Amino acid sequence: MDVVRTYGNVVHYHDASKLELLRAAGAQHAKIFFLTIDDVEASMRTAETVARHFPHLTIVARVRNRRHAYHLMDIGIQHIYRDNTIFQSGNG
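The numbering used here applies: residue 10 is where the sequence shown begins, and numbers increase by one.
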């Protein structure tokens, strides 16, 4: 994450499923949310919170497996990738 900071970006390390943390991190002003949590349950909690409270955000999610991808698609996440493969639901 030091590379990200080198380019002037802010990185937050905490439980991203917590609404108060997302607000403190400025999610209401962001354009893109990168979801890269390894734990599937934590990833789903975070995706649901972000999608519900910040519908303007484009969520780009890394998934652990096909089932994880389908769960994310069920809540409306359209930009999903696993390893080097990009899955996009819908027309986008």
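Glycine is no exception: its CB is placed at the ideal position from the N, C-alpha and C atoms.
Remember, it's a predicted structure, so these values are computed and weren't measured experimentally.
Look up Thr15 in the DSSP assignment and say whether it is helix, strand or coil.
helix
Name the two residues that bound the continuous alpha helix (DSSP H) containing Ala33.
Leu28 to Ala33
Does DSSP put Val72 in a helix, a strand or coil?
coil
Through-space distance from Phe63 to Arg32, alpha-carbon basis
10 angstroms
Smallest Cα separation from Thr58: which of Gln87, Tyr90, Leu30 and His88?
Leu30
Length of the line joining the Cα atoms of Leu28 and Thr67:
17 angstroms
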